[in-house]
Ligand SMILES: [Zn+2]
């Protein structure tokens, strides 16, 4: 059992941290004995634990008594962790004193950690403020240049390793459903439905340029093959026939998405514009008018009903919901009315977002948001791909967005070739298979069509993920699975010699994949992490 002795203002953040690092813990009670004590306050002299982990960038009473020296680093530092780097967004200090230094500061010989061991207990001093880091990651998030670093998962892994290295086992409910390697949410932002809606406007001229000259230049740059060039030029010649209603509109792809996803037994979530011709109120700049969509949910009511009927999900593609509660309620009601669903989630058009957005969406009654991601990068904005509750809100989940098609391929964003994009996605998939959580993918409605032609890539991605044995879940199902995990409680954690008794309770009653209990074994050789997964049972005893 972990005891947590922290400042009052950190309690909400610690509670969220231990939903992500789902292991038995409680706020420090001086009458209880602990295996591990995590401390951020100045006074822990009465504490009784085998391992004390003391986080903080400032000098405290323990440092003064133990002769530890603290030196503040300049902002923007990284720690070297195994084969990667961990950015520290708040204050970071070098820690020196009697003991074994660890957590090396990148490009420096100094360390931000010190292990001080005596015969029956160890104290570990770490020179940053863990819960401030967590609050920053879940609130503001990481800049795009650090997108590939699972910073929050690394904070969990550092703490877990310290406990295991001290010879103490760790019991967790991992963010991985039983029988799967991780969860995948496929999502589609529906910004356009038909090219027919765009006659002689910016969208049509843009399409014509990119499909003709742009595609030719892409062939020259080896970003496209000749078959794709032919497809795009053919689409341009067909355009008058589409405007005349003679040929099928090649941008209308709902049925094709359903067909492709049903083949891998997946059901995706479609985010639909609630009101057409609205650019939104808070955006300025000369391009802001381009945000207005030419369609809204009332134009595709039958398709929305068909999607819901076939087990796919619809949510709001928000216009003004991110900054105004009245607008947020109205946008939610529009989609709820047509879909006949009560649980409605949202992703903001253009990923608009500010510090009050979570509160605004919660007030409007959304069940989840999935805006927290990047327009120009791929990876972990929150430093984790677990679904979380933003600090200070109670009733809304955030499903972080990881991969967006236009971020990968758009010349204004990363402008990658198919091979480069594949390497990047593989890299992220590998990290998520290691840490668990949800890989959330955004493929836009018209991305299967000319001139983008990202269909082959999407099919390849679906097959790759299918082979990785993932659970393809709708956004709501993934959130419900994480809610069940949050609702699971550890009770009666008792150690009796080398046997641990534990009762885990959860009164979930649904058809989602079950959870599992993971026992990490104490790390005797301090090299390899070993664990055993046990099937979910309400009461379990096991020996170490
Ligand atoms: Zn959009």
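Numbering (this note's numbering), first residue to last: 168 to 711.
Beta carbons: idealized from backbone N, C-alpha and C, even for Gly.
Every value quoted in this text rests on a predicted model; they were computed, and no experiment measured them.
query: Exposure label - residue 259; buried when at least 16 CB within 10 Å; result: buried
query: For residue 569 and residue 550, believed in contact at Cβ under 8 Å, the rounded distance; result: The pair is not a contact, with the Cβ atoms about 12 Å apart (cut-off 8 Å).
query: Of the residues 439, 414, 432 and 411, the one placed nearest residue 421, counting alpha carbons only; result: 439
query: Per DSSP, cross-strand counterpart(s) of residue 295; result: 259
query: Burial state of residue 506 (16 or more Cβ within 10 Å); result: buried
query: Residue 628 in three-state terms, based on DSSP; result: helix
query: Beta-carbon proximity check, residue 266 vs residue 282, cutoff 9 Å; result: yes
query: Residue 517: CB within 8 Å of a non-hydrogen atom of ligand 1; result: yes
query: Residue 484 Cβ short of 8 Å to ligand 1 heavy atom set; result: yes
query: Proximity test, residue 572 beta-carbon vs ligand 1 heavy atom, cut-off 8 Å; result: no
query: The stretch 219-226 in contact with the stretch 180-194 per 3-pair CB rule at 8 Å; result: no
query: N-terminal and C-terminal residue of the beta strand (DSSP E) that residue 462 is part of; result: Residue 462 -> no beta strand (DSSP E), and no H or E assigned at all.
query: Residue 358: CB within 8 Å of a non-hydrogen atom of ligand 1; result: yes
query: Beta carbon of residue 548 nearer than 9 Å to that of residue 200; result: no
query: Which of helix, strand or coil DSSP assigns to residue 571; result: strand
query: Closest by C-alpha distance to residue 195, when choosing among 208, 186 and 364; result: 208
query: Secondary structure, beta strand (DSSP E): runs of 3+ residues fully inside the stretch 486-547; result: 512-515
query: 7 Å CB neighbourhood of residue 657 in its chain, flanking five on each side removed; result: 191, 669 and 671
query: Beta carbon of residue 687 nearer than 9 Å to that of residue 336; result: yes
query: Among 635, 642 and 249, the one whose alpha carbon lies nearest that of residue 607; result: 642
query: Straight-line Cα distance separating residue 486 from residue 425; result: 25 Å
query: Residues sharing a beta bridge with residue 643, DSSP; result: According to DSSP, which records beta bridges pairwise, residue 643 is partnered with nothing at all.
query: Neighbour-count burial assignment, residue 309, 16 or more Cβ in a 10 Å radius; result: buried
query: Given residue 489 as reference, the closest of 461, 522, 501 and 482 once Cα atoms are compared; result: 522
query: Any non-hydrogen atom of ligand 2 within 8 Å of residue 235 CB; result: Summarising the ligand content, the structure contains ligand 1 and does not contain ligand 2.
query: For residue 610, the three-state DSSP class (helix, strand or coil); result: coil
query: Bridge partners - residue 698, DSSP secondary structure assignment; result: 687
query: Collapsed DSSP secondary structure at residue 760 in the structure displayed; result: Lying outside 168 to 711, the shown extent of the chain, residue 760 is not represented and no answer is given.
query: Sequence ranges, alpha helix (DSSP H) only - wholly within the stretch 428-479, length at least 4; result: 468-476
query: CB-CB length for residue 235 against residue 264, believed under 8 Å; result: 4 Å
query: Extent of the continuous alpha helix (DSSP H) to which residue 228 belongs; result: 228-233
query: Beta-carbon proximity of residue 591 to residue 356, cut-off 9 Å; result: no
query: Distance CB(residue 483)-CB(residue 525) smaller than 9 Å; result: no
query: Under the three-state DSSP convention, the category residue 616 falls into; result: coil
query: C-alpha distance - residue 323 paired with residue 573, whole-angstrom precision; result: 31 Å
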